[in-house]
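Contents: one structure, followed by commentary.
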Amino acid sequence: MTCDRVRWLLSLNPCTSEQSLDPLTRCHLEGCPACRSFQQALQWVDSDLHARPLAQPTAEFVPAVMRGIERSSQPEEIAPPFSRAFCLISAIVTLCALVAGALLLQNGVVAPLPGSDPVLASTWLNPIWARDASAWLSARNAQAAQIVLAAMAGLLLTLAGAAIGFRASAHGQ
Amino acid sequence: MQEPSARLLARCREGDRQAFSQLAAQQQAYVYNLAYRIMGQAEEAADLAQEALIKAWQMLPSFRGDSRFTTWLYRVVVNLGINRLARLRREQQLADADALPAHEHPAWAANPQEIHDAAERREYIWSQVDTLPDKYRLVITLYYQHECSYEEIARILQLPVNTVKTHLARARQMLAGRLAGMEEVRNDL
């Protein structure tokens, strides 16, 4: 029987008494001082590991636990649905949208009259889609079309602004 | 290991904070020591122990009594501890997954030749426990300090019973080997 095997067998059962060892192991131990030394060390390990008193936490420990429980059981403060940043950004974007809508209403969606200045007709203030849309409607409904298109543009810009504001506030929290 | 009375447990489960305060006071040393063996630092251990007891309070209604309360509580500590340790290691960007956090040893523990009596030897052995791999350290702590059976340790660490026995044997072998080596050095002097 090798020393490694004997040491492993000794390690398997904590607090093994000499009598409970099998004859082969006992025979090896009698003739091997190194393994006897290991067996002695193993007994010390067992007794010393059992004997160590438990370390005590500080006196503040239990009160801190109870404070933690107190905190954890309090209902969480309901966060406002929108942060200040969200409201501010939304207001700014809405204002911009209204201004843009007003500009479009005033300048952008007027269908060029026959014979009007072609340079003005090709500017960004008079986009082709607005002209086509107006043309599609009858001349009587041109004013209504202008209002609807302006409102749609304003609504789209407002939605985009709200999305940006929401993302910004989510990042801020 | 002190198992709380059924009456105390029942009061805690009913939400009696005074009763839980008693339970926490009764278990604090065991929870703290186990937390210390996992984390290796007093401050981290105290944080983990507090977190575990708060978690235990929150989860107490779900405790069905299939095992002893202490077994269940230690499992909460170990689960939280493993997560916390992993997070701590990630934060410290330790390359070696098995590297231990810096354990707080007594200054003399690094110099075993200065051990003269049983008390110092005991401290030396426990300081060596701190240097064992996580799996051995926890098994040693639960077996010797918390006096858990193999089956309870298996339940706490979620390991097969035979693996627990092997871990314990390996840990004892390592500790005895170091101690025997230390003795040989002293005999040589």
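So the protein lines, in turn, are chains A and B. Its first residue numbered 28, the first sequence is counted upward by one per residue in my numbering. Its first residue numbered 477, the second sequence is counted upward by one per residue in my numbering. Note that the Cβ used here is the ideal one computed from N, Cα and C, for glycine as well.
Inter-residue spacing [alpha-carbon to alpha-carbon] between residue i and residue j
i	j	result
L510/B	R613/B	10 Å
S497/B	E527/B	14 Å
L81/A	Q504/B	10 Å
A195/A	Y512/B	42 Å
S74/A	S100/A	44 Å
Y483/B	M515/B	Checking the displayed sequence, the identity of residue 483/B turns out to be Arg instead of Tyr. If I take the Cα positions, the gap works out to 32 Å.
V126/A	S110/A	24 Å
M93/A	T85/A	14 Å
A129/A	E97/A	56 Å
A495/B	Q534/B	14 Å
R566/B	S117/A	39 Å
P50/A	P41/A	18 Å
A656/B	L536/B	45 Å
G491/B	S38/A	45 Å
S64/A	V89/A	44 Å
W35/A	L556/B	33 Å
V605/B	A532/B	27 Å
C-beta neighbour in chain B for residue i, strict 9 Å
i	result
A91/A	yes
L48/A	no
T29/A	no
I96/A	yes
R32/A	no
R79/A	yes
L37/A	yes
F88/A	yes
T85/A	yes
Listed by chain order, chain C residues near residue i by CB distance under 7 Å
i	result
S99/A	This model lacks chain C altogether, as its protein chains are A and B.
Interface flag, residue i vs chain A, CB-CB below 9 Å
i	result
E527/B	yes
G653/B	yes
A630/B	no
Y620/B	yes
Buried or exposed (CB count within 10 angstroms, at least 16 for buried), residue i
i	result
L529/B	buried
T546/B	buried
E519/B	exposed
R540/B	exposed
T617/B	buried
S481/B	exposed
T52/A	buried
I632/B	buried
M179/A	exposed
R32/A	exposed
Notebook entry, point to check: Between the region 50-76 of chain A and chain B, which residues of the former have CB atoms less than 7 Å from a CB of the latter, in chain order?
Noted result: S64, F65, A68, L69, W71, V72, D75, L76
Checklist line | Interfacial residues, the region 592-616 of chain B to chain A, with Cβ spacing under 7 Å | finding: R597, R598, I601, W602, I616
Notebook entry, point to check: Considering only residues of the region 477-512 of chain B, which uninterrupted alpha helix (DSSP H) runs meet the minimum length of 4 residues and lie entirely inside it, listed in chain order?
Noted result: Complete alpha helix (DSSP H) runs here, min 4: 482-489.
Next item on the list: Select from the region 484-517 of chain B all residues with a C-beta closer than 8 Å to any C-beta belonging to chain A, and list them in chain order.
Entry: R493, F496, S497, A500, A501, Q504, A505, Y506, Y508, N509, Y512
Item checked: Interfacial residues, the region 633-645 of chain B to chain A, with Cβ spacing under 9 Å -> K641, T642, L644, A645
Margin query: For a minimum of 4 consecutive residues, which ranges assigned as the alpha helix (DSSP H) are wholly contained in the region 34-102 of chain A?
Written below: 50-58, 60-78, 88-100
Check: Could you give the uninterrupted runs of the alpha helix (DSSP H) lying entirely in the region 590-658 of chain B, keeping only those of 4 residues or more?
Finding: 594-605, 610-616, 626-633
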